[in-house]
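Protein chains: 4
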Amino acid sequence: MTNPTRPEAWNQFLAIAPYTGLLNMEAVSAADAGCVIALPYREDLIGDPDRGVLHGGAITALMDVCFGFSVYFRIREFVPMATLDLRIDYLRPAQPHSKVYASASCYKLTQELAFVRGHAYDEDPEQPISTGVGIFILTSGKPAFTEQKVVSA
Amino acid sequence: MTNPTRPEAWNQFLAIAPYTGLLNMEAVSAADAGCVIALPYREDLIGDPDRGVLHGGAITALMDVCFGFSVYFRIREFVPMATLDLRIDYLRPAQPHSKVYASASCYKLTQELAFVRGHAYDEDPEQPISTGVGIFILTSGKPAFTEQKVVSA
Amino acid sequence: MTNPTRPEAWNQFLAIAPYTGLLNMEAVSAADAGCVIALPYREDLIGDPDRGVLHGGAITALMDVCFGFSVYFRIREFVPMATLDLRIDYLRPAQPHSKVYASASCYKLTQELAFVRGHAYDEDPEQPISTGVGIFILTSGKPAFTEQKVVSA
Amino acid sequence: MTNPTRPEAWNQFLAIAPYTGLLNMEAVSAADAGCVIALPYREDLIGDPDRGVLHGGAITALMDVCFGFSVYFRIREFVPMATLDLRIDYLRPAQPHSKVYASASCYKLTQELAFVRGHAYDEDPEQPISTGVGIFILTSGKPAFTEQKVVSA
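Residue numbers (full-length UniProt numbering), protein chains in the order written: chain A, 1 to 153; chain B, 1 to 153; chain C, 1 to 153; chain D, 1 to 153.
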């Protein structure tokens, strides 16, 4: 990542993962305070056809991806890592036919763990659709979840 | 829902929401202990192209949908409701090229809230990929998140 | 609560609940941005005798109480309510022999739910010991958790 | 821990941490399916004096302690560890004047992480007061939360 503050560099990365490509996620901005990724509105991402709003699962996926990017942005390197856990609170439905944004920042980093918080919104970042917190595990090339072998009765 | 224990009835419902249709989610089974929904493996749902495993966000979406269905199954009716919050713990990556299943049950129901837990797995339900808990709010036709108007200093 | 911004008024309330009295919690400040409650260091609240730091459970209790106060402070009234759920992330141990503070704000309020976030710290609010989010349910005098009676197969 | 299945051995350990001593926690049982710890009812642990029920923060502390024990019990050794995060869902208030129990099991163990779930109840384990999930980090003698030093722009 030669210049990770340029969203163009991120868009290349977003295109690498087929799932983020399927959802057409777009890097919007990156700064010390965090990074922003957008999920354009599309008919096939709707959850409730009567109201025409995006499915909660699509917004959750957007937040998960944005949370991961906030870790890359803090480290300024694409390190191997995995989502360890995630909590999302849903405050209100998205506006019908609206593009949704996720904003996240990595507020604490240790040798092995990254703590992240963020939110999703449509028009006004101060009126979030959802808020979330999560922990990522930095795996340094080794598998994140090697089974403990010493366990025995 | 004339016979909600028949997965065929659910598949019709899964097809109503474009997003679950986009992800090709399939109802598998329903019993008092909970319900199971599958997410077939597809190249465009991959998160990590090197390993060929499904994106965590797709698995999270699957769990969210399955959690909601477990509430319908307990009530035996399609009531208006919304995800209030969700916590997912990711225990290990999915197997490459594997279909993923989510299983969930609504273990507590009040007039307004439904408490759900479940997990996702590929081959063996005893070796989960992820576990999760969540709360849904039953909205009885009225909007779930009406702003409090009485707030003032 | 004639003037809820005065910590003295809160201390009276903190003294009403025997458990917060047992832990000697003290109201520190209240402002639109949130409220702060302190837990003075005491030998019998230690979790790890070798290091002399407060038990995580005591810090969790402090955060739970402070979260509830942030809801009262936003509504400016002591309404009946109950903690619905809580997530705490522990970033580091408390400093040995340190008083611990919790700070919280209610960032979203609906007719029935209050969404809160906050953190605990010892010396520097910018170096949290733990962060947390939670949801409270406003019960308006009726029981929060009436069992759903309509459930039947 | 010569015979960790004997609650007597645990009670000694519970007495080591002043905070668990202050709350009079008692080891009840331990088996492969998990372990149980009790919090005897006491006037000074009350949260709501009108109803005479234990404070939610005391129940959360009980669950936190019991969760940690379930990890020791699975490993069969007292390894250094720290709570990384905790989510508690509160389903109903405790019964007035009731002793409260927490039951927990460590359902997944890796080299560095322990995933735990459990619940609290008073009379009937099938009617939980609260349910919870958490992750503990096994620190192997080294500090759990060493600050990342390599972070730089």
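By construction, the Cβ of each residue, glycine as well, lies at the ideal position given by its N, Cα and C atoms.
Contacts around residue i, its chain only, beta-carbon distance under 8 Å, and the 5 residues preceding and following it disregarded
i: L91/B; result: P128, I129, S130, T131
i: P40/A; result: N24, E26, K99
i: G21/B; result: L14, A15
i: D85/A; result: G134, I135
i: Y19/C; result: A61
Chain A contact for residue i (CB, 9 Å cutoff)
i: D64/C; result: no
i: T83/C; result: no
i: N74/C; result: Correcting the residue type first, residue 74/C is Arg in the shown sequence and not Asn. R74/C does not count as touching chain A.
i: R87/B; result: yes
i: A61/B; result: yes
i: I135/D; result: yes
i: Y121/C; result: no
i: A153/C; result: Caution is warranted here: a pLDDT of 26 is assigned to A153/C, below 50, making its placement in the model unreliable, and the coordinate value is therefore given only provisionally. No, because no Cβ of chain A sits closer than 9 Å to the Cβ of A153/C.
i: G47/B; result: yes
i: E43/B; result: yes
Three-state secondary structure (DSSP) of residue i
i: A82/C; result: strand
i: P96/B; result: coil
i: L39/B; result: strand
i: D44/C; result: helix
i: T139/C; result: coil
i: G118/D; result: strand
i: G52/C; result: coil
i: E26/A; result: strand
i: A31/B; result: strand
i: L109/A; result: strand
i: I88/C; result: strand
i: A17/D; result: coil
Test: residue i CB closer than 9 Å to a CB of chain B
i: E126/C; result: no
i: L113/C; result: yes
i: G56/A; result: yes
i: residue 155/D; result: Because chain D spans 1 through 153 in this model, residue 155/D falls outside it and cannot be assessed.
i: E8/A; result: no
Interface flag, residue i vs chain C, CB-CB below 9 Å
i: L14/A; result: no
i: T131/A; result: yes
i: A17/D; result: yes
Residue-chain proximity (residue i, chain D), Cβ-Cβ < 9 Å
i: T20/C; result: yes
i: L91/B; result: yes
i: A33/C; result: no
i: R51/B; result: no
Neighbourhood of residue i by C-beta, 7 Å cutoff - its chain only, sequence neighbours within 5 removed
i: K108/C; result: F115
i: H97/B; result: Y41, G52
i: I88/D; result: T60, M63, S130, G132
i: P125/B; result: S103
Same chain, Cβ closer than 6 Å to residue i, five either side skipped, listed in chain order
i: C106/B; result: S70, V71, R74, A114, V116
i: Y101/A; result: V36, A38, Y121
i: E112/C; result: L138
i: A104/B; result: G34, C66, F67, S70, V116, G118
Closer than 8 Å: residue i CB and nearest the ligand HEM heavy atom
i: I59/A; result: Ligands displayed in this structure: none; no statement on the ligand HEM is therefore possible.
The segment 80–96 of chain D in contact with the segment 44–58 of chain D per 3-pair CB rule at 8 Å: yes
Are the segment 50–58 of chain D and the segment 60–67 of chain C in contact at 8 Å, needing three or more beta carbon pairs? yes
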